[in-house]
Amino acid sequence: AQSVTQPDIHITVSEGASLELRCNYSYGATPYLFWYVQSPGQGLQLLLKYFSGDTLVQGIKGFEAEFKRSQSSFNLRKPSVHWSDAAEYFCAVGSYNTDKLIFGTGTRLQVFP
Amino acid sequence: SAVISQKPSRDICQRGTSLTIQCQVDSQVTMMFWYRQQPGQSLTLIATANQGSEATYESGFVIDKFPISRPNLTFSTLTVSNMSPEDSSIYLCSVHRSRTDTQYFGPGTRLTVL
C-alpha cells in the first residue's frame, strides 16, 4: 500500500539549534516527494520538492531535504532554526503527472527562544 | 506558483445546513482538488475537479454529501451538505501546475458545525 510515515508527531527545539524531520514512504512507482509547511491558521506552503537528479534539494527559508532511495526516506533539515519556523510540517508523495498526493500525518515543530 | 483564494475563510454553521466554499485561482488550471483536514489530522483528498467533467471522488466521499462544481478553468466550489459536527474541519482547495508538476494550496476554510 502507498503511504507516508512521519514518525515524530511533535518536536521541540531551541532557536538556533539544528533540525531534522523524518519522512519515510512506501510507493510503487518512482516517487515525487514534497515537503509542505502549514503555519497556524494558514494553508500549505511548498518548501521543496524532489523529482530526480541530485538527491539533496534546497528549498525556501533555508530548508533542505535528502532523498535516500535505499532507506525510502526524504528527511527535512535546517542547520539553524528560527522562532518563525514553528509550524506543522507535512511530507507528501506523488508520481509523474499524477493528480494525487499522499500526505503524512505531519510533525508539529515548536521552537523555544 | 499560483495565487489561490477561498471564501469564506471560516464559518460556524448549524447542524443540518449546507455550506458552499469557493475557490478562485489567478490563472487557468486543468486540475483542481479539494481536501479535508480534520482537527489534528493530515490532509485527505475528497475529490478531483476537472473542468468540463464530473468530479472524481475518493473512497469514503460521495457526491450527495460533497457536491462540486467546476464551471471554468479558474473556479470551483465545494458544498458540504446536511452538516454534522463530524464535518468540522479545514477544507482546502489546491491546483496542479503541469509545468512544475506541483500542487499549490489555498489558505483553507475553517468550518465549525454546532
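Chains as they are written, first to last, in the numbering used here: chain A, 646 to 758; chain B, 69 to 182. Each residue gets a CB set at the ideal place from its N, CA and C atoms; glycine is no exception.
Look at the beta carbons and you see the stretch 664-681 of chain A touching the stretch 727-740 of chain A: at least three pairs across the two are nearer than 8 angstroms. With a cutoff of 8 angstroms on beta-carbon distance, Val702(A) and Leu693(A) are scored as near each other. Scanning the stretch 693-737 of chain A from its first residue to its last, the whole beta strand (DSSP E) runs of 3-plus residues come out as 701-703, 709-713, 718-723. DSSP places Glu665(A) inside the beta strand (DSSP E), whose first and last residues are 664-666. For the stretch 130-149 of chain B, the set of positions with a beta-carbon nearer than 8 angstroms to some beta-carbon of chain A is empty. If you draw a 10 Å sphere on the C-beta of Ala662(A), you find fewer than 16 other C-beta atoms in it, and that means exposed. Interface flag for Tyr172(B) against chain A is set, since a Cβ pair is found closer than 8 angstroms.
Leaving aside the five residues that flank Ala117(B) on each side, the residues in its chain whose CB is nearer than 6 angstroms to its CB run, in chain order, Met100, Ala123, Ile136, Arg138, Ser144. Ala646(A) counts as exposed, since fewer than 16 other C-beta atoms from the protein chains shown sit within 10 angstroms of its C-beta. With three or more CB-CB distances shorter than 8 angstroms, the stretch 86-98 of chain B counts as touching the stretch 152-169 of chain B.
Leaving aside the five residues that flank Asp155(B) on each side, the residues in its chain whose CB is nearer than 6 angstroms to its CB run, in chain order, Val148, Val181. Residue state for Asp653(A) is assigned as coil, using DSSP reduced to three classes. With respect to Phe748(A), Ser69(B) sits apart: the two C-beta atoms are not nearer than 8 angstroms. Residue state for Pro139(B) is assigned as strand, using DSSP reduced to three classes. If you check the CB distance, Leu746(A) and Trp680(A) do not come in under 8 angstroms.
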